[in-house]
Ligand code: TXA
Ligand code: MG
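Residue numbers (the working numbering): 45 to 409.
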């Protein structure tokens, strides 16, 4: 019997042949990482229990955290025994408006589903999504099976936004069969999909995780009241701890604090006073303001008012503090992250959410 590969295969997302080979590998129960319009996913045939088990061990992911099932077309919802039909009216409206795209719908699980139990972590609901990224869409169509795919990072690390991030986190374990490369700069969002819970009926629709599709848009399209996740407020330059956080998330090694722009100078002085080298993550204008200060290392995410670029560069920026990639900076003792101004809805809200989670992780490390 051949031994498992120690170095993952590299598939070119622009090559039909490579996409077909990667699709066959998925069907054969192998793990394949691939680009989506949000972040890279670590995919496995969602109907194959052994394949799904490999996702949890490769990522070191807690077993009770369910996976999103990726479909090549909204039509698969009708044909694959995923959720009972007909769909709730709000779900049908959201699918018509936002699929393919960065929106995950949590729906009741079909009682006769073929999905492996580990995909839904034993819950009676399932998260479904149809990605818009052309490479993801082409791969899923070739795979011909529903594909369970969490973000392709080690559990607790920032999500991957390029193939190199995937290789860094998962390249050495021998369990990743290959990575489909989507090329440079082609991810549209850079943060994970919006997750909306529709499994408790139309009275209790909730955004479980903010993303590019905003709560305001969801409410308008679904025609129902939508609850937002809690924890959107953050303190004035104080250490941020999001209460009730179960898992470490999105976190670089150094502790991270979310700081409002107006308090940055003061906070830098506090930490420098303690003898720390201070990392600053923020918009170009914010970084320019403090970049010349001794003992400060800056990592730029976007520019003033451009929340889209901030989101696309966020995870690469967080990884730079761990010495990864072309933005890599020398080691820092603490990271001060300045979110963009507009964090009320949509992508800005998603950025603040991820920074707060990274801060909470830092506080317990
Ligand atoms: O953009 C994305 O969603 C990316 C790409 C690869 O598609 N995937 C992703 O997967 O972010 P992951 O596993 O890192 O995050 C999935 C989130 C988790 O917070 C999980 O708890 C939640 O979705 N989730 C999945 N199924 C669920 C369910 N049945 N009920 C509640 N939450 C669920
Ligand atoms: Mg993840």
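Where is the CB? At the ideal position from N, CA and C, for every residue including glycine.
Please read all numbers here as calculations on a predicted model, not as lab measurements.
- Using a Cβ distance threshold of 9 Å, residue 270 and residue 247 do not count as a contacting pair.
- Three or more beta-carbon pairs separated by less than 8 Å link the segment 138 to 157 to the segment 170 to 177, which places the two stretches in contact.
- Non-local beta-carbon contacts of residue 179 in its own chain, meaning distances under 7 Å to residues more than five positions away in sequence, involve 57, 78, 79, 224, 226 in chain order.
- For residue 82, no alpha helix (DSSP H) run applies, since DSSP gives it neither H nor E.
- DSSP, read as helix, strand or coil, puts residue 195 in strand.
- An exposed status is given to residue 216, since fewer than 16 other beta-carbon atoms sit within 10 Å of its beta-carbon.
- Beyond the five residues adjoining it in sequence on each side, residue 202 comes within less than 6 Å, by CB distance, of 294, 359, 362, 363 in the same chain, given in chain order.
- In the three-state reduction of the DSSP assignment, residue 220 falls in the strand class.
- Between residue 81 and residue 255, the alpha-carbon positions lie close to 12 Å from each other.
- If you check the CB distance, residue 327 and residue 344 come in under 9 Å.
- As DSSP reads the structure, residue 177 sits in no beta bridge.
- Every residue with a CB closer than 7 Å to a heavy atom of the ligand MG is listed here in chain order: 194, 195, 197, 203, 236.
- Excluding the 5 residues flanking it on each side, residue 331 has same chain C-beta neighbours closer than 7 Å at 324, 342, 344, in chain order.
- Between the segment 347 to 356 and the segment 302 to 314, the count of Cβ pairs shorter than 8 Å is below three; the stretches do not touch.
- Within the model, the alpha-carbon separation for residue 310 versus residue 70 is close to 52 Å.
- Rounded to whole angstroms, residue 354 and residue 368 show a C-alpha spacing of 18 Å.
- Here residue 294 carries a coil assignment [DSSP, helix/strand/coil].
- Boundaries of the beta strand (DSSP E) harbouring residue 380: 378 to 381, taken from the DSSP string.
- Between residue 264 and residue 251, the C-beta spacing is not below 9 Å.
- Within the model, the alpha-carbon separation for residue 249 versus residue 68 is close to 37 Å.
- Rounded to the nearest whole angstrom, the CA to CA distance from residue 158 to residue 61 is 29 Å.
- Around the C-beta of residue 140, fewer than 16 other C-beta atoms lie within 10 Å, and the residue is accordingly described as exposed.
- In this structure, residue 198 lies away from residue 191, with their beta-carbon atoms at least 9 Å apart.
- In the DSSP assignment, the residues bridged to residue 271 are 250.
- Counting along the chain, residue 151 sits inside no alpha helix (DSSP H); it lies in the beta strand (DSSP E) bounded by residues 147 to 152.
- When distances are taken from the beta-carbon of residue 251 to the heavy atoms of the ligand TXA, even the shortest one reaches 8 Å or more.
- Beta-carbon to beta-carbon, residue 387 and residue 380 are separated by about 16 Å, too far to satisfy the 8 Å threshold.
- If you check the C-beta of residue 112 against the ligand TXA, you find a heavy atom less than 8 Å away.
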